[in-house]
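Chemist: Have a look at the structure that comes next, please.
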Amino acid sequence: GGKNVTPAPLEDWLRAHPLVSQCMVVGDNRSFITALITLEPDGLQHWRQMTKKQDVPLRDLVHDEELRTSLQKAVDEANRLVSRAESIRKFTVLAVDFTEEAGHLTPSLKLKRDAIARDFAGEIEGLYRK
């Protein structure tokens with residue numbers, strides 16, 4: 163582990179998925195790569211209709227197996243772009259999006275990695291504990 167990863171190709175690929183709003187790959191000084199994924203409201207609305215899950219609260223939906231399976235397919239496809247060492251092994255779905263107002267995005271919508279890593283430290287640690 164400990165290899166530096168260029169996260170942009172993975173993040174860009176995942177961001178193109180209809181269910182994904184934002185994605186931050188985590189892996190510096192870690193034994194493997196993980197990702198935080200936020201949900202795209204329009205894509206999620208469509209997915210909810212297709213799966214008849216309109217009434218499931220978002221905080222529960224982020225743990226939904228069907229949703230995670232859809233996202234896992236996207237992660238698997240993104241992983242084809244990179245070596246095994248650089249591939250995303252685990253991810254977590256966040257119930258909130260990264261926004262400029264929350265201090266997670268720059269005005270040009272680039273990720274503020276340090277702020278995100280700080281604010282979602284618990285979620286990141288959880289990925290490495292399991």
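Residue numbering for the sequence shown follows my numbering, starting at 163 and increasing by one per position.
Here a beta-carbon is modelled for each residue, glycine too, at the ideal position from N, C-alpha and C.
To which residues does DSSP link L252 through a beta bridge?
Modeler: Residue 252 is actually Lys in this sequence, not Leu. Answer is T196, bridged to K252.
Chemist: Between E248 and S193, what straight-line distance do the alpha-carbon atoms span, to the nearest angstrom?
Modeler: Whole-angstrom Cα-Cα distance: 11 angstroms.
Chemist: Hey, C185 and A197 are a contact pair by Cβ (cut 8 angstroms); roughly how many whole angstroms apart?
Modeler: With a Cβ gap of about 6 angstroms, C185 and A197 count as contacting.
Chemist: Given this structure, state the Cα-to-Cα distance separating E287 from A277, to the nearest angstrom.
Modeler: Cα-Cα distance, rounded: 15 angstroms.
Chemist: Just tell me which of L201, T200, E228 has its CA closest to the CA of T213.
Modeler: The candidate whose alpha carbon is nearest that of T213 is E228.
Chemist: Starting from V187, trace the beta strand (DSSP E) both ways and give me its first and last residue.
Modeler: 182–188 is the extent of the beta strand (DSSP E) around V187.
Chemist: To which residues of the same chain is S104 closer than 6 angstroms at the C-beta, ignoring the five residues directly before and after it?
Modeler: Summary: the structure shown does not reach residue 104, with the chain confined to residues 163 through 292, and so no result is reported for it.
Chemist: Does T268 pass the burial test, meaning 16 or more other C-beta atoms within 10 Å, or should it be called exposed?
Modeler: Flag for T268 reads exposed.
Chemist: DSSP three-state call for L206: helix, strand or coil?
Modeler: Note: L206 maps to helix in three-state DSSP.
Chemist: Under 8 angstroms Cβ to Cβ from F282, same chain only, skipping five residues before and after it: list those, please.
Modeler: Excluding residues within five positions, the ones whose Cβ falls inside 8 angstroms are L198, L256.
Chemist: State buried or exposed for E173, treating a residue as buried only when at least 16 other CB atoms are found within 10 Å of its CB.
Modeler: Buried: at least 16 other Cβ atoms inside 10 Å.
Chemist: What residues are listed by DSSP as bridge partners for L271?
Modeler: Paired residue(s): none; L271 is not in a bridge.
Chemist: With DSSP run on the structure shown, which of helix, strand or coil describes G163?
Modeler: Any reading at G163 is ruled out, since the residue's pLDDT is 44, under 50, leaving its predicted position unreliable.
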